[in-house]
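**Q** Here's a structure for you.
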Amino acid sequence: MKYIKTSFRGFLWLLVSAIAAAFWGCGSPSGKPGAGGIAISFDDHFIKEWYELRPLFQKYNAKATFFITCPDSLNAEEAAMLKQLEKEGHEIGFHGTVHAKSTELMAAGGPKGYIEAELEPGLRHMHAAGFKPTSYAHPGGNHNDRVDSVLLAKGFTTLRDVAISRRKFKGFQLYAWPPRWMNAIYYAFDGRQKVDALMIDYDEVTSEEIEEAVREAKENGTALMVFGHEPLYAAPSNGKYGFDVSFLAAILREAHEQQLKFYTMSELPNIK
18 MKYIKTSFRG
28 FLWLLVSAIA
38 AAFWGCGSPS
48 GKPGAGGIAI
58 SFDDHFIKEW
68 YELRPLFQKY
78 NAKATFFITC
88 PDSLNAEEAA
98 MLKQLEKEGH
108 EIGFHGTVHA
118 KSTELMAAGG
128 PKGYIEAELE
138 PGLRHMHAAG
148 FKPTSYAHPG
158 GNHNDRVDSV
168 LLAKGFTTLR
178 DVAISRRKFK
188 GFQLYAWPPR
198 WMNAIYYAFD
208 GRQKVDALMI
218 DYDEVTSEEI
228 EEAVREAKEN
238 GTALMVFGHE
248 PLYAAPSNGK
258 YGFDVSFLAA
268 ILREAHEQQL
278 KFYTMSELPN
288 IK
C-alpha cells in the first residue's frame with residue numbers, strides 16, 4: 018500500500034511538472050543585450066513597513082513598485098510616506114479598491130459593474146492623494162481577457178499577474194518549478210503589457226533559486242520580475258503573510274553584484 022501511494026505521488030509530481038513545463042517553457046527568453054535588470058514590487062497596504070525599508074533600497078540604489086489596495090483608508094501620514102517613496106524614484110501602482118476577484122465582479126456586473134466596484138472608487142482616492150497610477154497588480158492574480166481589456170482601456174500600461182514556483186495541497190508539494198525555467202517572470206523588453214512576477218514570500222523560493230534567476234536575467238539581457246507582501250523579520254504567524262527582509266536584502270545584494278538595473282513596473286514596456 019505504501020508503495021502504491023508513493024508511486025501515485027511520484028506520478029502526480031511528474032504530471033504536474035509536465036503541465037508546468039508546457040505552460041512556462043524551459044529557460045528564460047532572450048532580451049536586450051546588456052539590459053539585464055530586475056523589477057521588484059510589493060502588494061497590499063503595508064505602507065509603514067515598506068517605508069522602513071528605505072535604507073535598504075538606498076544602500077543598493079534600488080527602486081521598486083508599491084501596489085496599493087484599499088486606498089480609501091489612506092491617512093495623511095501614509096500618503097506622505099508614499100510621496101517620499103515616489104520622490105526617491107519608486108513607483109506607486111494600484112491594486113484595486115476592495116481586493117476582490119475581478120472575474121466574479123465582471124461576471125456579476127459586466128465592465129460597468131467591475132469599474133464601479135473595483136476601479137473608480139479607489140482611483141478617486143489615489144488621485145485625491147496625488148497619485149496617478151499607470152500599473153496594476155491583479156488581486157490574487159485573478160483576471161481574464163475581459164478584465165485586462167477594461168484595465169488597458171482605463172489607461173494602465175502594465176498589468177502584473179502572480180507566478181508561483183511551488184504549489185502545495187494539504188501539506189503535500191505538488192511541484193517545485195525552478196524560477197530560472199519560468200519564461201513568464203523574465204521581461205524581454207518586447208513591449209508586452211501583461212506580465213508575471215515571482216512571489217518571494219516565505220517558503221516560496223530558495224536563496225539558491227533566486228540567485229540563479231538573477232544570473233539568468235543578467236546572462237540573457239532580461240528583467241527578472243518578483244514581488245512580495247509584508248516585510249517580516251521572523252517566520253509568519255497568526256495569519257500573516259510576507260517575505261523575510263533578509264531574503265529581500267540578499268536579492269538586492271545579488272542584483273547589485275550582477276550590475277542589474279532596477280526597473281519600476283511601468284518602465285518595462287517603454288524600454289526600446
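Residues 18 to 289 in my numbering are what the sequence shown lists, from first letter to last.
Where is the CB? At the ideal position from N, CA and C, for every residue including glycine.
1. So is ALA93 buried or exposed if we call it buried at 16+ other beta carbons inside 10 Å?
2. My guess is that ALA134 and GLY126 are in contact by the Cβ rule of under 8 Å, so how many angstroms apart are they, rounded?
3. Rounded to whole angstroms, how far is the Cβ of ALA52 from the Cβ of GLY238, which I believe are closer than 8 Å?
4. So, at 8 Å on beta carbons, what are the nonlocal neighbours of GLN75 in its own chain, with the 5 sequence-adjacent residues on each side left out?
5. Tell me, please, whether the segment 196–206 touches the segment 164–177 by the rule of three or more beta-carbon pairs shorter than 8 Å.
6. Hey, is the segment 81–96 in contact with the segment 53–65, meaning 3+ C-beta pairs nearer than 8 Å?
7. Report buried or exposed for GLU225, applying the criterion of at least 16 other Cβ atoms within 10 angstroms of its Cβ.
8. On the criterion of 16 or more Cβ atoms from any shown chain inside 10 Å, does ASP220 qualify as buried, or is it exposed?
9. Which whole-angstrom value is the C-beta distance of GLY54 and LEU277, which I expect to be below 8 Å?
10. Bridge partners for GLY54 per DSSP, in chain order?
11. Apart from the five residues on each side of it in sequence, which residues of its chain come closer than 7 Å, Cβ to Cβ, to HIS112?
12. Could you work out which residue in HIS273, ASP178 and ASN287 is closest to LYS80 when comparing CA atoms only?
13. Along the chain, where does the beta strand (DSSP E) containing ILE336 start, and where does it finish?
14. Shortest alpha-carbon distance to SER90 belongs to which of GLU69, LEU102 and VAL115?
15. Taking the straight line between their C-alpha atoms, what separation do you get for THR223 and ARG232?
16. If you run the structure through DSSP and keep just helix, strand and coil, what is ASP207?
17. Below 6 Å CB to CB, which residues in the same chain sit around ILE217 once its five sequence neighbours on both sides are set aside?
18. So with Cβ pairs under 9 Å, would you call GLY127 a contact of chain C?
19. By how many angstroms is the C-alpha of ARG209 removed from the C-alpha of MET282?
20. In chain order, what are the residue ranges of uninterrupted beta strand (DSSP E) at least 3 long that sit wholly in the segment 105–172?
21. Determine the burial state of ALA230: buried for a count of at least 16 other Cβ atoms within 10 Å of its Cβ, exposed for fewer.
22. Please report the distance separating the alpha-carbon of HIS160 from that of LYS235.
23. Under 6 Å Cβ to Cβ from GLN275, same chain only, skipping five residues before and after it: list those, please.
24. Using C-beta distances below 6 Å, list every residue in its chain close to GLY172, excluding the 5 sequence neighbours before and after it, in chain order.
**A** Short version:
1. With fewer than 16 Cβ atoms within 10 Å of its Cβ, ALA93 is classed as exposed.
2. About 7 Å separates the two Cβ atoms, so the contact holds.
3. Indeed they touch by this definition, with Cβ atoms about 5 Å apart.
4. Here the set comprises GLU105.
5. Under the Cβ criterion (8 Å, minimum of three pairs), the segment 196–206 does not count as touching the segment 164–177.
6. Yes, the segment 81–96 touches the segment 53–65.
7. Counting every other CB atom within 10 Å of its CB across the protein chains shown gives GLU225 a total below 16, marking it as exposed.
8. Exposed is the call here.
9. Yes, they are in contact, since the Cβ atoms of GLY54 and LEU277 sit about 5 Å apart, within 8 Å.
10. ALA240 and LYS278.
11. The residues are ASP60, ASP61, PHE84, ILE85, THR86, ALA154 and PRO156.
12. The option with the nearest alpha carbon to LYS80 is HIS273.
13. Look at the range of the chain in this structure, 18 to 289, and you will see that residue 336 is not part of it.
14. Its Cα nearest to that of SER90, the residue VAL115 stands out among GLU69, LEU102 and VAL115.
15. Computed Cα separation, rounded: 14 Å.
16. Assignment of ASP207 by DSSP, reduced to helix, strand and coil, places it in the coil class.
17. Within the same chain, Cβ atoms closer than 6 Å to the Cβ of ILE217 are found at VAL243, GLY245 and PHE260, the five residues on either side in sequence being excluded.
18. The structure shown has no chain C; it contains just one protein chain.
19. Using only the alpha carbons, I get a separation of about 11 Å.
20. Whole beta strand (DSSP E) segments, 3+ residues: 108–111 and 152–154.
21. Here ALA230 is buried. Its C-beta has 16 or more other C-beta atoms within 10 Å.
22. Between HIS160 and LYS235, the C-alpha separation is close to 30 Å.
23. For GLN275, where only same-chain residues beyond five positions count, the Cβ hits under 6 Å are VAL231 and LYS235.
24. Excluding sequence neighbours, GLY172 sits near nothing in its chain.
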